[in-house]
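Participant:
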Amino acid sequence: KNQVEQSPQSLIILEGKNCTLQCNYTVSPFSNLRWYKQDTGRGPVSLTIMTFSENTKSNGRYTATLDADTKQSSLHITASQLSDSASYICVVSADTDKLIFGTGTRLQVFP
Amino acid sequence: DAGITQSPRYKITETGRQVTLMCHQTWSHSYMFWYRQDLGHGLRLIYYSAAADITDKGEVPDGYVVSRSKTENFPLTLESATRSQTSVYFCASSEWDPSSTEAFFGQGTRLTVV
Numbered sequence: 249k250n251q252v253e254q255s256p257q258s259l260i261i262l263e264g265k266n267c268t269l270q271c272n273y274t275v276s277p278f279s280n281l282r283w284y285k286q287d288t289g290r291g292p293v294s295l296t297i298m299t300f301s302e303n304t305k306s307n308g309r310y311t312a313t314l315d316a317d318t319k320q321s322s323l324h325i326t327a328s329q330l331s332d333s334a335s336y337i338c339v340v341s342a343d344t345d346k347l348i349f350g351t352g353t354r355l356q357v358f359p
Numbered sequence: 004d005a006g007i008t009q010s011p012r013y014k015i016t017e018t019g020r021q022v023t024l025m026c027h028q029t030w031s032h033s034y035m036f037w038y039r040q041d042l043g044h045g046l047r048l049i050y051y052s053a054a055a056d057i058t059d060k061g062e063v064p065d066g067y068v069v070s071r072s073k074t075e076n077f078p079l080t081l082e083s084a085t086r087s088q089t090s091v092y093f094c095a096s097s098e099w100d101p102s103s104t105e106a107f108f109g110q111g112t113r114l115t116v117v
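Going down the list, the sequences are from chains F and L.
First residue of the first sequence: 249, per our numbering; consecutive thereafter.
First residue of the second sequence: 4, per our numbering; consecutive thereafter.
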């Protein structure tokens with residue numbers, strides 16, 4: 249069964265600190281992996297999209313990595329800000345016209 | 004306004020009533036989707052449409068009806084609402100097949116069935 253699992257479920261960090269969120273998937277055949285940010289009460293917004301051949305992609309303070317061999321991805325946030333408080337969702341495309349969503353990691357950044 | 008918009012943002016309805024959630028996009032994207040988001044679950048696909056007059060079931064289609072007579076609109080109807088349909092509903096669109104193009108999401112509709 250195609251699945252996307254994320255850890256941790258929730259995370260609290262202090263402003264200015266770095267953090268890393270994890271995503272493991274069992275999706276086949278694999279097309280691409282995306283990370284979305286979802287602010288409370290809003291729709292998800294794309295941060296990065298990575299294909300099989302890409303192992304790192306950055307978007308400002310967000311850096312995503314992909315290991316297609318172990319089927320793992322991580323999202324690293326550098327020098328966190330209060331505005332980073334949100335849910336981060338890992339999404340895998342199975343080379344069809346559907347996306348498979350993880351349940352997300354809820355990040356809270358405190359001053 | 005450019006983008007993808009949903010209406011209403013909030014809706015409370017009674018069990019057994021019919022309710023329609025609206026979704027409108029201004030990009031002329033081919034694909035449109037309806038998802039529901041519940042605690043403990045990732046977004047789950049209800050229905051999707053690859054083009055006007057073409058719709059297909061997703062993972063959780065029971066109790067829902069969709070139509071797409073125009074490219075820009077993709078309404079979702081709950082024919083007889085049940086409490087289990089209390090959820091946050093997101094509409095999304097992508098220019099082409101979402102496996103290869105970015106998907107853009109609306110702001111969501113929070114539906115409560117009492």
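A virtual CB, placed ideally from N, CA and C, is assigned to each residue, including glycine.
Expressed to the nearest angstrom, what Euclidean distance is found between the alpha-carbon atoms of Lys265 of chain F and Trp37 of chain L?
Facilitator: If you take the alpha carbons of Lys265 of chain F and Trp37 of chain L, they lie about 36 Å apart.
Participant: How far does the beta strand (DSSP E) with Ser96 of chain L in it reach, from first residue to last?
Facilitator: Ser96 of chain L -> beta strand (DSSP E) spans Ser90 to Ser97.
Participant: Please name the residue, chosen from F:Ser258, F:Thr313 and F:Arg309, that lies closest to Leu281 of chain F on a Cα-to-Cα basis.
Facilitator: Among F:Ser258, F:Thr313 and F:Arg309, the Cα nearest to that of Leu281 of chain F belongs to F:Thr313.
Participant: Return yes when the Cβ of Tyr273 of chain F is within less than 9 Å of the Cβ of Glu253 of chain F, no when it is not.
Facilitator: Yes.
Participant: Within 10 angstroms of the Cβ of Gly350 of chain F, are there 16 or more other Cβ atoms? Answer buried if so, exposed if not.
Facilitator: By the neighbour-count rule (16 or more Cβ atoms within 10 Å), Gly350 of chain F is buried.
Participant: Return no unless some Cβ of chain L is closer than 9 Å to the Cβ of Leu347 of chain F.
Facilitator: Answer yes: the Cβ-Cβ gap between Leu347 of chain F and chain L drops below 9 Å somewhere.
Participant: Using C-beta distances below 7 Å, list every residue in its chain close to Gln40 of chain L, excluding the 5 sequence neighbours before and after it, in chain order.
Facilitator: If we look at Gln40 of chain L and ignore the five residues flanking it on each side, its Cβ neighbours are Leu46, Ser90, Val91 and Phe93.
Participant: Hey, is Tyr50 of chain L's beta-carbon within less than 9 Å of any beta-carbon in chain F?
Facilitator: False, the Cβ-Cβ gap to chain F never drops below 9 Å.
Participant: Assign Arg290 of chain F to one of three DSSP states: helix, strand, or coil.
Facilitator: Here Arg290 of chain F sits in coil by DSSP.
Participant: So, with DSSP's three-state summary, where would you put Val255 of chain F?
Facilitator: One detail in the question is off: residue 255 of chain F reads as Ser in this sequence, not Val. Ser255 of chain F: strand per DSSP, three-state reduction.
Participant: Over the uninterrupted beta strand (DSSP E) stretch that includes Gln9 of chain L, give me the two end residues.
Facilitator: Unbroken beta strand (DSSP E) run through Gln9 of chain L: Ile7 to Ser10.
Participant: Kindly indicate which residue of F:Ser255, F:Ser276 and F:Ile261 has the alpha-carbon position closest to the one of Ala342 of chain F.
Facilitator: Cα-wise, what sits closest to Ala342 of chain F is F:Ser276.
Participant: Within 10 angstroms of the Cβ of Pro11 of chain L, are there 16 or more other Cβ atoms? Answer buried if so, exposed if not.
Facilitator: Its Cβ having fewer than 16 others within 10 Å, Pro11 of chain L is exposed.
Participant: Scan the stretch 271-298 of chain F for residues whose Cβ lies nearer than 9 Å to a Cβ of chain L and list them as they occur along the chain.
Facilitator: Listed in sequence order: Ser279, Asn280, Arg282, Tyr284, Gln286, Gly289, Arg290, Gly291, Pro292, Val293, Ser294 and Ile297.
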